[in-house]
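*Asks:* Those protein sequences? They're chains V and Y, same order as listed. Counted the way this note's numbering counts, the first sequence spans residues 1470 to 1685. Counted the way this note's numbering counts, the second sequence spans residues 120 to 248. All C-beta atoms, glycine included, are put in the ideal place defined by N, C-alpha and C.
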Amino acid sequence: MSALAEGYPGAVAGGGHAQQLTEEPEHGPSKRIVVAYGFWIFLISDIILFSALFASYAVLTDATAGGPSGRDLFELPTVAIETACLLLSTVFCGIAGIGAQARRSGMYYGAMAATFVLGAIFVAIELHEFATLINAGAGPSRSGFLSAFFALIGCHGLHVSAGLLWLLTMMAQVYAKGFRADIQRRLLCFALFWHTLDIIWVALFSLVYLVGVAPR
Amino acid sequence: MKNSTKEPHGDVAPGDDLDPGDIPHAIGGYLVGLALATLLTCVSFYIAQSTLVWQPSIPIALSVLALAQMGVHLVFFLHITSGADSVNNVMALAFGLLIVALLVFGSLWIMTHLNHNVMPMERMMQMQR
């Protein structure tokens, strides 16, 4: 079953003869399919945005202007911790989705809280890394390489921060309105967003940090 | 809902209603994804710092591992499958990937050619002397 395309559960099973016309139109796909598809299009445009920043980084990797390169600056243990945080938080996000579908409040809130804590640790580590770099004189204005690095990694960090805010609002919405059908759809969109951020991080840690320090 | 009765071993997607009895199975899918992603991540971190792989090919190896891990995420976390249900999503993703490839490889290709063909500024200064 595809997450993006399976029938939306709040309405009548079978979908053809819906009682709630607003939720399940008589013809065409269910509202859940349409919402998830639209959000998927947005996520793909977001991926394209990252690929543009990524291309500029790839072009500017060697433009260090006599300053430090990735080999001098990147610390792999930090990156490993960041990677572990984001990977675990994406799994907890999935578990929160399962809790929401099964309408288990404790499971939902617990998993969402774990997702938030791990995401917040990720952002904190990244901010600390940025502060260390800037204090060491390797800020974004030092060289083309560092400008592209800060733009790329910072854009991802901004996305994660926005996702953390969204996560809190989703917890509040479920608290205030319960596991309603429209809230479930928003949760689905949030989960897609959070998983996509982890996919982008895979590209970042592999091709920015690991390739940056690999022996050449 | 109907999925859990029709296909007890099928993939459980976010948004489907879930019997409480299916929770362990649903979580299991995420744990399989977690195990595979952890394995690929560890291999990436290991080969980046070791001499196991011929050194000039390390970036390629890391790219392949990253692509594999993205595939794992798409299947186990985003539940993008090859089923008939997600044809539209897969098509949109394929088009997005085409644009991504054009952007990244196109930029790299053009800029390497420019770097080859345009004389570096220091050389030009030396010739003017």
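(1) Checking contacts by CB at 8 Å: is Val1503 of chain V closer than that to chain Y?
(2) Could you list the residues in the stretch 219-245 of chain Y with a C-beta less than 7 Å from some C-beta on chain V, going in chain order?
(3) Give the single residue among Y:Gly225, Y:Asp204, Y:Pro175 and Y:Leu155 whose Cα lies nearest to the Cα of Pro1498 of chain V.
(4) Kindly list the residues whose CB is nearer than 7 Å to the CB of Leu1490 of chain V, restricted to its own chain and excluding five residues on each side of it in sequence; keep chain order.
(5) Between which two residues does the alpha helix (DSSP H) carrying His235 of chain Y extend?
(6) Runs of 4 residues minimum, wholly inside the stretch 1617-1648 of chain V: which ones carry the alpha helix (DSSP H) assignment?
(7) I need the DSSP call for Thr200 of chain Y, collapsed to helix, strand or coil.
(8) With a cut-off of 8 Å, does the C-beta of Asp1651 of chain V fall near any C-beta of chain Y?
(9) Report the rounded CA-to-CA distance for Leu216 of chain Y versus Gln245 of chain Y, giving the unit in angstroms.
(10) Please return the same chain residues whose Cβ sits closer than 6 Å to the Cβ of Ile179 of chain Y, not counting the five positions on each side in sequence.
(11) Hey, is Tyr149 of chain Y's beta-carbon within less than 8 Å of any beta-carbon in chain V?
(12) Using only CA atoms, which one of Y:Val223, Y:Ala145, Y:Leu233 and Y:Leu153 lies nearest to Asp1667 of chain V?
*Replies:* Concretely, from the data shown:
(1) The residue given as residue 1503 of chain V occupies position 34 in the first sequence. Chain Y, which has no Cβ nearer than 8 Å to the Cβ of Val1503 of chain V, makes this no.
(2) Val219, Leu222, Val223, Ser226, Leu227 and Met230
(3) As a position in the first sequence, residue 1498 of chain V is number 29, starting the count at 1. Considering only alpha carbons, the answer is Y:Asp204.
(4) The residue given as residue 1490 of chain V occupies position 21 in the first sequence. Unreliable placement is indicated for Leu1490 of chain V, whose pLDDT of 44 sits below 50; the coordinate value is still reported in the next sentence. If we look at Leu1490 of chain V and ignore the five residues flanking it on each side, it has no Cβ neighbours.
(5) If you number the second sequence from 1, residue 235 of chain Y lands on position 116. From DSSP, the alpha helix (DSSP H) with His235 of chain Y extends over Val206 to Asn236.
(6) none
(7) Counting from 1 along the second sequence, the entry for residue 200 of chain Y is found at position 81. Here Thr200 of chain Y sits in coil by DSSP.
(8) To locate residue 1651 of chain V, count along the first sequence from 1; it is residue 182. It does not: the Cβ of Asp1651 of chain V has no partner Cβ on chain Y nearer than 8 Å.
(9) Your numbering for residue 216 of chain Y matches position 97 in the second sequence. Your numbering for residue 245 of chain Y matches position 126 in the second sequence. Cα-Cα distance, rounded: 44 Å.
(10) Position 60 of the second sequence, counted from the first residue, corresponds to residue 179 of chain Y. No residues qualify anywhere along the chain.
(11) For the purposes of this step, residue 149 of chain Y is taken as residue 30 along the second sequence, with counting starting at 1. Taking Cβ atoms only, chain V reaches closer than 8 Å to Tyr149 of chain Y, which makes this a yes.
(12) Here the question's residue 1667 of chain V lines up with position 198 in the first sequence. Checking every option, the nearest Cα to that of Asp1667 of chain V belongs to Y:Leu153.
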